[in-house]
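Heads up: the structure comes next, in structure tokens.
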Amino acid sequence: FTPEAKASRHPFVYLPCVGMRLAQLEIKMALLHIFRRFNVVPCEDTEVPLELKSHTTLGPKNGILVKITTRENFEDES
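Numbering of the sequence shown is given in UniProt numbering, commencing with residue 1 and proceeding in unit increments.
In structure tokens form, the structure reads like this:
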């Protein structure tokens, strides 16, 4: 991030996001806390087998419906 390094780089060169790894770690920690406290299971309305749509990204055609319930044996350690 020095002026010399910036001047030697092409203005449209790809540079990875400096906060990407931190953001991914925070997302993983948030999911960990959710899955520790709640049961997440597919709902009866979720289609099996899953039909996929292929647009810009691959995803479920009609969504994935889930049922979230509180875990009975969860003990908050914080």
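Virtual Cβ for every residue (Gly too), placed ideally from N, Cα, C.
Source: prediction; values computed, not measured.
For residue 58, the enclosing beta strand (DSSP E) begins and ends at 58 to 60. Apart from sequence neighbours up to five positions away, the residues of its chain that approach residue 65 with a beta-carbon distance below 8 Å are 42, 43, 45, 46, ordered along the chain.
One thing to note: residue 70 has its Cβ within 8 Å of the Cβ of residue 37. DSSP, reduced to helix, strand and coil, places residue 25 within a helical segment of the structure shown. Contact check for residue 63 against residue 52 fails: the beta carbons are separated by 8 Å or more.
In this structure, DSSP gives residue 42 an extended state, which the three-state scheme calls strand.
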